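Numbering (our numbering), first residue to last: 24 to 429. No residue lacks a Cβ here, since even glycine has one placed at the ideal position from N, Cα and C. If you're wondering where the values come from, they're calculated on a predicted model, not measured in any experiment.
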Amino acid sequence: MIPRPVPSWIAAVLAFWLGLAAVLARPAGAEETYLVVDAQNGAVLLADAPDRRVPPASLAKMMTAYLAFEDLRDGRLAPDAVLSASARAAAADPVGVGLAPGEKVPLPDALRALLGLSANDVAVMIAETLAGSEEAFATRMTDTARRLGLRHTRFASASGLPAPLDDQYTTARDMAVLALALERDFPQHRGLFALQGFLYKGRGLHGHNALLGRLRGADGLKTGFTCASGYNIAASVRRDGRHLIGILLGSTTGAERTDRIEGLLLRALATPLDEKTPFIDDPDPRAGEEPLPVVDNRQRTPVCVGTVAGELLAGGHALDLGLARSRSQAMARAAAVAHQTGGQPYSLPRPGTGLMRWNAYVGGFAEATARQICRRRQAAGAWCLVRTPQMVRGDFAAAARLARAR
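Structure below.
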């Protein structure tokens, strides 16, 4: 008997679930690196392996924002500019706002979505607006990194989405230099890095930085996550007349990231300066040495798969939007709702009576937000159920069992 080819959706679901099981079986302990600097004088208060190269994840969007601010300042971008989404921008992987090809977005909304929601589709749209293509924009990002003094950073995308390790990397020291440059050159845009809840084209969205509102004086900047990077954060705190910038790369969970950076910033606030304190602009401590290899944390991050499912399993409730006849119909339904509410559209197969159906979902919500959205949809006569994070895991497990059975 000639084996039947495995449908692509079965292969994808199997790869997801088997990969997740393998990752969960491995010990945690990502190769973490950090640096905390006094933003007022450049003194490095705490550091551990600050020149280790790590994928930046969404911290890359800090450079995307820097270049947008630069073009605004220099008159190459108008404050009232309206950006247009290309098909490539609309197809960017989650997290995103669900752009449609040709959709128009005012620049203020685009910047809020870029830095508040960490929207990858918006990052691509901004890159294409400023440089014609994301590839050309990534080259400009890297050139600007060199100009600003980021000695061991290279960018391959405006969003920080996964790229070959040797094509996209940074260090804790370099991200601190970038954060300081943003503060020095564009203090008027500081509020964009402190968004917790905000309006995007009239609808409410929520950010991902759990440090805001938790640590007294915390006022931004940016979080990021990919499998290869682990959980990253650039944080700013103003407290008791001081201003510190902390960079932490490679934590194993989002909760650990928040706990660790909070502890580091509190330690740094209590650290006195002395004559041995190094400074961020000291000569490159690794000048003349071979570059360190880029860290790959994929085997050290407990919840880590290279798809939207990895972000969903990292926490968050989902909306169950009901069954559709095809995957494309399910995704269209999910994308339409995500466009209104935020969140990540996805679909999973469901067997029927001789037919394969697809369930539409939107994931990545806080519980209260998910329940509020479902109540509104139910009041309007639409199908909507709330799925807890445990239920989301069960949904993917059921899809994996279905794939194996076929």
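Query, Result
"Any 3 or more C-beta pairs closer than 8 Å across the stretch 196-205 and the stretch 120-128", "no"
"Three-way DSSP call (helix, strand, coil) for Q367 in this model", "strand"
"Distance, L371 Cα to Q401 Cα", "22 Å"
"Proximity winner among D166, P102 and A112, relative to S182 (alpha-carbon distances)", "A112"
"T275 versus T249, A291 and G269, residue with shortest Cα-Cα distance", "T249"
"Test item: CB-CB of L238 and L140 under 7 Å", "no"
"Chain-order list of residues whose beta-carbon lies under 6 Å from that of M85 (same chain, five-residue window excluded)", "L201 and K245"
"CA-to-CA distance, D144 to P187, given in whole angstroms", "20 Å"
"Segment contact flag, the stretch 282-291 with the stretch 255-269, C-beta cutoff 8 Å, min 3 pairs", "yes"
"Whole beta strand (DSSP E) elements within the stretch 67-120, 3-residue minimum", "67-71 and 105-107"
"Cβ pair A341, A383 closer than 7 Å", "no"
"C-alpha gap between A421 and R373, whole angstroms", "9 Å"
"Distance, Y369 Cα to H212 Cα", "33 Å"
"Continuous alpha helix (DSSP H) stretch holding N64: start and end", "It is not in any alpha helix (DSSP H) - N64 carries neither H nor E in the DSSP assignment."
"Cβ-based neighbour list, H266, same chain, cut-off 6 Å, excluding 5 preceding and 5 following", "A62 and Q63"
"Distance CB(Q367)-CB(G386) smaller than 7 Å", "yes"
"Length of the line joining the Cα atoms of F160 and I284", "30 Å"
"Spatial neighbours of R410 in its chain, beta-carbon cut-off 6 Å, leaving aside the 5 residues before and after", "A341 and D343"
"DSSP beta-bridge partners of R350", "Looking at the DSSP assignment, R350 forms no beta bridge with any residue, so it has no partner."
"Euclidean distance between Cα positions of S107 and M148", "7 Å"
"N-terminal and C-terminal residue of the beta strand (DSSP E) that F221 is part of", "G220 to Y223"
"Alpha carbon of P102 to alpha carbon of L218, nearest angstrom", "19 Å"
"Length at least 3, wholly inside the stretch 238-302: the beta strand (DSSP E) runs in chain order", "241-249, 253-262 and 265-274"
"Residue environment, F216, which counts as buried when at least 16 other CB atoms sit within 10 Å", "buried"
"Residue burial classification, S349 (beta-carbon count within 10 angstroms, cutoff 16)", "exposed"
"Host beta strand (DSSP E) of P129 (start-end)", "K127 to P129"
"Between the CA atoms of V317 and P78 - distance to the nearest angstrom", "7 Å"
"Contact set for Q105: own chain, Cβ-Cβ below 8 Å, skip 5 residues either direction", "Before going on, a small fix: residue 105 reads as Val here, not Gln. Taken in chain order, the residues that qualify are K127, V128, P129 and L130."
"Close beta carbons around D190, own chain, < 6 Å, minus the five adjacent residues each side", "A179"
"Nearest candidate by alpha-carbon position, reference L272, set H362, R75 and L68", "R75"
"Nonlocal neighbours in the same chain, by C-beta distance under 6 Å from A80, ignoring five residues either side", "G183, G247, F248, T249, S252 and N255"
"Expected contact under 8 Å - CB spacing of H175 and D197 to nearest Å", "6 Å"
"Inter-residue Cα distance where the pair is A361 and G225", "14 Å"
"Identified DSSP bridge partners for P372", "W381"
"Span of the alpha helix (DSSP H), counted from its first residue to its last, around V200", "A195 to D208"
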